[in-house]
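At position 262 of the sequence shown (counting the first as 1) the number is 262 in the UniProt record's numbering, and the numbers step up by one without a gap.
By construction, the Cβ of each residue, glycine as well, lies at the ideal position given by its N, Cα and C atoms.
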Amino acid sequence: MYHLLLALWIAGCSWLVAASAAAACAAVDFAAMPLPQSDHRPEVQALLATYPDLILSQDGNAVSRDGKDWLPLGEDREITAKQALVDAAPLDQFLQAYPLGTSPASLAERRTPYFDPGRFRNAKLFEMLWFSSEAEARASLVGVPFTGLSGATVTVTSHRGVDCQLRAVIAGLQGASENVRAVFSAPGGGFNWRRISGTDRLSAHSYGIAIDLDPELGGYWRWSWAVEGRVGDYDNRIPPEVIDAFETYGFIWGGKWHHFDGMHFEYRPELILHSRISARMR
Ligand SMILES: [Zn+2]
Numbered sequence: 001m002y003h004l005l006l007a008l009w010i011a012g013c014s015w016l017v018a019a020s021a022a023a024a025c026a027a028v029d030f031a032a033m034p035l036p037q038s039d040h041r042p043e044v045q046a047l048l049a050t051y052p053d054l055i056l057s058q059d060g061n062a063v064s065r066d067g068k069d070w071l072p073l074g075e076d077r078e079i080t081a082k083q084a085l086v087d088a089a090p091l092d093q094f095l096q097a098y099p100l101g102t103s104p105a106s107l108a109e110r111r112t113p114y115f116d117p118g119r120f121r122n123a124k125l126f127e128m129l130w131f132s133s134e135a136e137a138r139a140s141l142v143g144v145p146f147t148g149l150s151g152a153t154v155t156v157t158s159h160r161g162v163d164c165q166l167r168a169v170i171a172g173l174q175g176a177s178e179n180v181r182a183v184f185s186a187p188g189g190g191f192n193w194r195r196i197s198g199t200d201r202l203s204a205h206s207y208g209i210a211i212d213l214d215p216e217l218g219g220y221w222r223w224s225w226a227v228e229g230r231v232g233d234y235d236n237r238i239p240p241e242v243i244d245a246f247e248t249y250g251f252i253w254g255g256k257w258h259h260f261d262g263m264h265f266e267y268r269p270e271l272i273l274h275s276r277i278s279a280r281m282r
């Protein structure tokens with residue numbers, strides 16, 4: 001009975017979409033998901049709606065998963081983007097609204113130095129949401145084939161349905177043009193327990209929530225002649241429909257960062273939802 005009710009409920013939610021005929025997997029469409037209605041600040045609304053197992057403290061200033069281990073969200077404070085790169089409280093992760101879509105205006109925001117929405121990460125929150133050890137992350141991994149686009153497979157976590165979200169991206173691009181398929185042909189990889197190049201901070205790849213498409217086509221600021229904080233234009237060859245498909249299913253694109261990482265897509269649905277909530281408030 002429970003399963004029947006669940007099936008009926010899912011059928012009534014058009015923003016939950018079957019990502020693959022082969023796998024019983026219902027992905028969340030974050031572009032269509034109804035926005036939360038609450039009095040909490042937009043950052044908190046976005047976190048609670050995208051990670052429903054998070055509990056908010058009575059005073060609204062901390063989150064927990066078990067009701068015992070509480071993580072302060074941080075305070076309203078003036079912090080520069082440069083500081084936030086190394087010292088982000090959970091709320092600081094939302095310092096800059098990630099620009100949704102592929103209009104010229106949303107692609108142009110990265111021209112501002114240190115406009116890097118998504119590069120601000122609080123390690124404790126990531127531990128709470130994802131993993132605190134490599135072994136824990138490894139135990140959750142699955143391969144997701146780029147069926148219909150290329151013969152390649154990338155490894156991501158199955159925690160919180162990230163694999164299902166990625167399958168939905170792939171399913172949404174079926175029948176796409178040759179230049180779309182090309183960026184999936186030689187992916188740079190998915191899971192990789194490692195530090196971000198040039199820093200001591202864990203990369204999002206460590207949690208199995210990020211994938212790199214073709215490094216040749218993506219581009220990465222550290223591999224160019226760019227100087228940190230003064231990165232100019234770059235030759236993006238990731239087609240807009242790829243960016244849109246990823247954003248729909250909760251992945252942000254590193255090609256929108258001043259310090260661009262054009263091959264990089266990262267599962268950060270809280271940033272997608274936060275942008276939608278912020279747009280509603282304007
Ligand atoms: Zn990457």
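- Using a 10 angstroms sphere on the CB of residue 233, the tally of other CB atoms stays under 16, which defines it as exposed.
- Annotation: the continuous alpha helix (DSSP H) that includes residue 126 extends over 123–129.
- For residue 254, the shortest separation between its Cβ and any heavy atom of ligand 1 lies below 8 Å.
- Comparing alpha-carbon positions, the option among 106, 113 and 159 lying closest to residue 128 turns out to be 159.
- The UniProt domain "Peptidase M15C" (198–267) is shown to contain whole beta strand (DSSP E) runs of 3 or more residues at 210–212, 251–253 and 264–267, in chain order.
- Note that the C-beta distance between residue 46 and residue 94 is below 9 Å.
- Assignment of residue 161 by DSSP, reduced to helix, strand and coil, places it in the helix class.
- Annotation note: the segment 17–55 contains the following uninterrupted alpha helix (DSSP H) runs of length 4 or greater, listed N- to C-terminal: 42–50.
- The alpha carbon of residue 145 has as its nearest neighbour, out of 92, 202, 226 and 190, the alpha carbon of 190.
- Around residue 165, the same chain offers 27, 249 and 250 as residues with beta carbons nearer than 6 Å, after the five sequence neighbours per side are excluded.
- In this model, residue 33 and residue 15 are separated by some 5 Å (Cα to Cα).
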